[in-house]
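In this note's numbering, the protein residues as written are 732 to 919.
Reviewing the structure listed below.
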């Protein structure tokens, strides 16, 4: 004889499901991926979306630096044979907040000589999330008329927290940020 499902248990699981769906709606990802070139290099442009969960701003203002690492791999499609890797590169974007000067500083490895310094957290987030003119490989390594595959991913790097935040933020899970791999096939 089957026991009926208690109504309280059913309501509990429906409420749990209803609250779980919005939590996954703001998952981090990559968008606006553009592959182009200049005279010498294949260039990548992309944007990291939803890379700053709610409480991350509090941690940054408290003195915790944040780093995104962007990974890009480029492969030549060889039909039935395994693809051959042409390039495997990465870039790092680091955000720091100076509590005395009340300034955000974003340093991007693609352009370390030109840090973005601002009073606005929104502008700092934008600078952290946008990758522009990332050199994937020299054009001399590509063959005209061939098909290529580009894979890209972003990860929030674990950072060493300042001593006063180490124990306060020990159980916070927002440091675990990682996008899926995004794949784009293109012809050169």
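From the three backbone atoms N, C-alpha and C, an ideal C-beta is built for every residue, glycine too.
From a predicted model like this one, the values you see are computed outputs, not experimental measurements.
Rounded separation between residue i and residue j - CA only
i: residue 864; j: residue 843; result: 13 Å
i: residue 821; j: residue 853; result: 24 Å
i: residue 817; j: residue 775; result: 15 Å
i: residue 755; j: residue 862; result: Note on residue 755: pLDDT 46, under 50, position unreliable in the model; no value is reported.
i: residue 834; j: residue 866; result: 29 Å
i: residue 786; j: residue 793; result: 11 Å
i: residue 873; j: residue 858; result: 30 Å
i: residue 887; j: residue 916; result: 25 Å
i: residue 839; j: residue 812; result: 37 Å
i: residue 758; j: residue 846; result: 27 Å
i: residue 799; j: residue 824; result: 5 Å
Where residue i falls: helix, strand or coil (DSSP)
i: residue 855; result: helix
i: residue 804; result: strand
i: residue 831; result: coil
i: residue 870; result: helix
i: residue 840; result: coil
i: residue 788; result: helix
Residue i and residue j closer than 8 Å at C-beta
i: residue 875; j: residue 919; result: yes
i: residue 802; j: residue 815; result: no
i: residue 860; j: residue 810; result: no
i: residue 769; j: residue 879; result: no
Cβ-based neighbour list, residue i, same chain, cut-off 8 Å, excluding 5 preceding and 5 following
i: residue 761; result: 777, 778, 779, 780, 883, 884, 885, 910, 913
i: residue 850; result: 833, 834, 835
Same chain only: Cβ atoms within 7 Å of residue i, ignoring 5 sequence neighbours per side
i: residue 771; result: 869, 870
Rounded distance between the beta-carbons of residue j and residue i, thought under 8 Å
i: residue 773; j: residue 764; result: Not a contact, Cβ separation roughly 13 Å.
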